[in-house]
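Heads up: the sequence lines are chains A and B, in that order.
The first sequence: position 40 = 1204 (my numbering), numbered continuously.
The second sequence: position 40 = 1204 (my numbering), numbered continuously.
All C-beta atoms in this analysis are idealised placements derived from N, C-alpha and C, irrespective of residue type, glycine included.
Protein chains: 2
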Amino acid sequence: MSYPPGYRIERERNRTEKAGDIARAKAIQAAIELFSTSGYNKSSIAEVALRTGLSQSGLLHHFPNKTALLTAVLEQREKEDSEFLFGEGAAPMGWAAFDSLVALVARNSTRPEWIGLFVRISAEATEAKHPANQWMLDHYRSTREWLTQAIEDGKRTGEILPDAPVEAIVRNTIAVLDGLQQQWVAEPHSMSMVAELRVYLDQLRATWGNSQQ
Amino acid sequence: MSYPPGYRIERERNRTEKAGDIARAKAIQAAIELFSTSGYNKSSIAEVALRTGLSQSGLLHHFPNKTALLTAVLEQREKEDSEFLFGEGAAPMGWAAFDSLVALVARNSTRPEWIGLFVRISAEATEAKHPANQWMLDHYRSTREWLTQAIEDGKRTGEILPDAPVEAIVRNTIAVLDGLQQQWVAEPHSMSMVAELRVYLDQLRATWGNSQQ
DNA sequence: GCACGCCGACCGACTACACGGTCGGTAACA
DNA sequence: TGTTACCGACCGTGTAGTCGGTCGGCGTGC
Chain A
1165 MSYPPGYRIE
1175 RERNRTEKAG
1185 DIARAKAIQA
1195 AIELFSTSGY
1205 NKSSIAEVAL
1215 RTGLSQSGLL
1225 HHFPNKTALL
1235 TAVLEQREKE
1245 DSEFLFGEGA
1255 APMGWAAFDS
1265 LVALVARNST
1275 RPEWIGLFVR
1285 ISAEATEAKH
1295 PANQWMLDHY
1305 RSTREWLTQA
1315 IEDGKRTGEI
1325 LPDAPVEAIV
1335 RNTIAVLDGL
1345 QQQWVAEPHS
1355 MSMVAELRVY
1365 LDQLRATWGN
1375 SQQ
Chain B
1165 MSYPPGYRIE
1175 RERNRTEKAG
1185 DIARAKAIQA
1195 AIELFSTSGY
1205 NKSSIAEVAL
1215 RTGLSQSGLL
1225 HHFPNKTALL
1235 TAVLEQREKE
1245 DSEFLFGEGA
1255 APMGWAAFDS
1265 LVALVARNST
1275 RPEWIGLFVR
1285 ISAEATEAKH
1295 PANQWMLDHY
1305 RSTREWLTQA
1315 IEDGKRTGEI
1325 LPDAPVEAIV
1335 RNTIAVLDGL
1345 QQQWVAEPHS
1355 MSMVAELRVY
1365 LDQLRATWGN
1375 SQQ
């Protein structure tokens, strides 16, 4: 068996700093980029391998199969997002929770791959047998739980009017988030997600905010 | 070559009423159902053919290739939707436009395939080289145009406050629509799109509606 | 009123390729 | 010597699309 020229050299360079971890991280990054434009189903592990600088078998050495790669990608996303949102200390409550959504969207506007990834995957994962189906269900459920708690907390402190329809607000807010991302992925330069989201949140506050406070 | 038993009989039965048109309509229906659960990319024309009751070659006789099938499906959807929305006469304007969105969502709630179809396809079609990419762009653009006109008309008649941020309202409304559909496809029995949408529209009216009128 | 040629509907067999995954190996390091 | 990082060759399967054909009906010319 013959290795391509330069193979050994590359090998040695990485050797010093845990080649495995580096390769895995590179593969995840490549997968994110691919999945974000082609979705999971249509992407091939061969293409991910190519972008990682590995052969398909080499990639499969680090991730036993395609779904393992997807899992790693989703874990990465979940980790970074929740670090950003709830980084130090407790999750924000009341209107502050909604403000932190704006911050999240603002940050994600500078990382198109993450938005593309989410839009594609969550649409695909709607199918019950999709490998990300459970992830998507969990993701929505936990987001709903957080926002529900945030609103109820806001009612307790008096920030939010007691007759605000909690569930509808939660679902609509998530819908605006998802829907804006969808439009943004389709035509990134035609709009500002942050600006639109702000208008929505101002409406929310105007309607259900306690003006006495 | 041997035909399966009963072949000739079936042939003759259909003969009397334009077999081709029937087959095409059946195929489109089958494709809608398949695309709505598996998306376009992951669906195979073989499966569509099976559900239509044709061989793959038979199906390919009516639709030269897979994208032609998709085009037919999208045309069908566009036709039915715009008939429902603008059926007789002009498109509704002012708040009436938003009310007709509720009606559309209410009707679509009884046709899960249509919602699934839209959610999958519009997510996939985000990719520039997807065969439905142009369709999706057009769909969004024309919806935006209609709603923009509706709001501006509402301002003219005094229904809507003159300082309402038109573009943001348009994009947010579309986002709510899309986002709710997405959530509904994921867990159909956990929510009512109509109820949530109403809350959103009430907020809109409360914030930007002219209370003098 | 009937023979004939054409067209539309439909078929099975086949091709070319992409894709996920397996297997058995090599090379370096500890 | 065992472990980790990789590789090429190979395989089975699924998929879009082609090809050459059959069969029945319909219009046309006689």
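Residue from the options with nearest C-alpha to residue i
i       : options                               : result
Q1345/A : E1323/A, L1249/A and A1270/A          : A1270/A
A1339/A : L1311/A, S1354/A and E1351/A          : L1311/A
R1284/A : Q1220/B, G1253/B and G1203/B          : G1203/B
A1231/A : F1199/A, E1242/A, G1251/A and L1214/A : A small correction: the amino acid at residue 1231/A is Thr; Ala does not occupy that position in the sequence shown. Among F1199/A, E1242/A, G1251/A and L1214/A, the Cα nearest to that of T1231/A belongs to F1199/A.
E1323/A : K1182/A, N1374/A and S1356/A          : N1374/A
T1290/B : G1280/A, S1286/A, A1292/A and P1295/A : G1280/A
D1245/B : E1197/B, L1265/B and Q1376/B          : L1265/B
L1224/A : I1209/A, V1237/A, G1217/A and T1235/A : I1209/A
K1190/B : L1218/B, V1358/B, T1201/B and K1206/B : L1218/B
V1358/A : F1262/A, T1201/A, E1247/A and N1336/A : F1262/A
A1287/B : T1201/A, E1242/A and S1356/A          : T1201/A
R1305/B : E1331/B, H1294/B, S1207/B and K1206/B : E1331/B
S1354/A : Q1193/B, L1233/B, A1195/B and R1335/B : R1335/B
N1205/A : K1182/A, Q1220/A, I1192/A and L1234/A : L1234/A
D1327/B : V1363/A, L1368/A, A1194/A and A1187/A : V1363/A
I1186/A : H1226/A, E1197/A, W1372/A and I1196/A : H1226/A
R1136/B : Q1193/B, E1360/B and I1333/B          : For chain B, the structure presents residues 1165 to 1377; residue 1136/B sits outside this window and is missing.
L1268/B : L1361/B, E1309/B and D1366/B          : L1361/B
E1197/B : L1238/B, K1182/B and S1221/B          : L1238/B
S1273/A : E1309/A, P1352/A, H1294/A and I1333/A : P1352/A
Per-residue contacts from residue i into chain B (C-beta, under 8 Å)
i       : result
I1338/A : G1343 and Q1347
S1202/A : E1291
V1363/A : P1329, A1332, I1333 and N1336
One or two residues paired with residue i in a DSSP bridge
i       : result
I1324/B : G1373/B
Delimiting residues of the alpha helix (DSSP H) encompassing residue i
i       : result
G1343/A : V1330 to A1350
H1124/B : For residue 1124/B there is no data in the structure shown, the boundaries of chain B being 1165 and 1377.
R1271/A : W1259 to N1272
K1230/B : K1230 to F1250
E1277/B : P1276 to E1288
A1296/B : Segment: none, A1296/B is in no alpha helix (DSSP H) and carries neither H nor E.
A1213/B : I1209 to T1216
Interface partners of residue i on chain A, CB under 7 Å
i       : result
E1360/B : A1332, R1335 and N1336
T1371/B : Q1367, A1370 and T1371
Beta-carbon neighbours of residue i, restricted to chain A and to distances below 9 Å
i       : result
V1266/B : Under the 9 Å cutoff, chain A gives no residues; its nearest Cβ is about 13 Å from V1266/B.
R1275/B : Ordered by position in chain A, no residue passes the 9 Å Cβ test against R1275/B, which lies about 16 Å from the chain.
Chain-ordered chain B contacts of residue i [CB-CB under 9 Å]
i       : result
R1215/A : Those within 9 Å of R1215/A in chain B number zero; the least Cβ separation is about 17 Å.
S1286/A : A1287, Q1346 and A1350
L1301/A : A1350 and E1351
M1257/A : Chain B residues near M1257/A: none, gap ~21 Å exceeds 9 Å.
Proximal residues of chain B, C-beta to C-beta of residue i below 7 Å
i       : result
K1206/A : N1205
Within chain A, partners of residue i - CB distance below 8 Å
i       : result
V1283/B : A1287 and T1290
### Task
Answer yes if the stretch 1312-1323 of chain A comes into contact with the stretch 1250-1259 of chain A, meaning at least three C-beta pairs across the two stretches below 8 Å, and no otherwise.
yes
### Message
Counting beta carbon pairs with one atom in the stretch 1292-1307 of chain A and one in the stretch 1348-1358 of chain A, are three or more of them shorter than 8 Å?
### Response
no
### Three or more C-beta pairs below 8 Å linking the stretch 1243-1251 of chain B and the stretch 1212-1230 of chain B
no
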